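A.B. asks: In the working numbering, the protein residues as written are -18 to 250. Where a beta carbon is used, it is the ideal one built from N, C-alpha and C, also for glycine. Everything numeric in this text was worked out from a predicted model, so none of it was measured. The structure follows.
This is the structure in structure tokens:
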């Protein structure tokens, strides 16, 4: 799914359609990247997700279960419990993943040939040496990442578990699988639509600034306001199609693998 993530980031950091380097459509972006950067251009920034994805998902589901248990001591409705536990898991997940996102976005924004761009480790060292480990360096865009993951997980878990409890369980295993997959697909899609303004803000902050040496995009809501004022409301939804194509089915698969693995572990361990 990584090529869709590269394309999504490219759409989010391009500021206007009149830019000769801007992509006209999803198909145009794939053709242009392949022509100029080669096949490996679609895999720029792949190492940070490889390193972070498994612990990130482990944190997502583990903390969701722990927050759910803690909230069980409060007199909250199940619907609210799932949503708040999802929000908590997203905020925790963001703390783990943000430094990896800074490196990934910087590498994805590089339009040189794959062989000409810096390695992941050398780029990470460059960020640390030049800007440090703080909110202007390896952790820039932290508030936008908090918003992106917090909102996504709140909607993702909240919608999935609440809707799953409403729609009756099917006795046929195949139909039951399709029921869960459909709800998971909707969960990932709706969560992507709702959280994408945070994603755009994150990409603008973590990606290259319009004027080198001058920081235009600093904080989450300031960046959203700037993008809205200069480019209009739809600019906050740039990269939505590749994001949905990646996280709609991806989100469904992730929930199903989690549920069936969790059930198997409970039955056998």
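#1: Please say whether residue 22 and residue 15 have beta carbons closer to each other than 8 Å?
#2: Would you report the Cα separation of residue 103 and residue 96, rounded to the nearest angstrom?
#3: Give the DSSP-derived three-state secondary structure of residue 150 in the structure shown.
#4: On the three-pair Cβ rule with 8 Å, is the stretch 36 to 55 touching the stretch 69 to 76?
#5: What residue from 74, 210, 230, -13 has the CA that sits closest to residue 135's CA?
#6: Measuring alpha carbon to alpha carbon, tell me which of 189, 118, 244, 45 ends up nearest residue 66.
#7: Leaving aside the five residues before and after residue 3 along the sequence, list all residues of the same chain whose C-beta is less than 6 Å from its C-beta, in chain order.
#8: Expressed to the nearest angstrom, what Euclidean distance is found between the alpha-carbon atoms of residue 92 and residue 181?
#9: Taking buried to mean at least 16 other C-beta atoms within 10 Å of its own C-beta, is residue 64 buried or exposed?
#10: Report the option in 167, 40, 58, 83 whose CA atom is closest to the CA atom of residue 121.
#11: For residue 192, which beta-bridge partners are listed by DSSP?
#12: Does DSSP put residue 30 in a helix, a strand or coil?
#13: Residue 252 to residue 123, Cα distance in whole Å?
C.D. replies: According to the structure data:
#1: yes
#2: 14 Å
#3: coil
#4: yes
#5: 74
#6: 45
#7: -5
#8: 19 Å
#9: buried
#10: 83
#11: 195
#12: helix
#13: Coverage of the chain is limited to positions -18 through 250, which leaves residue 252 absent and any answer about it impossible.
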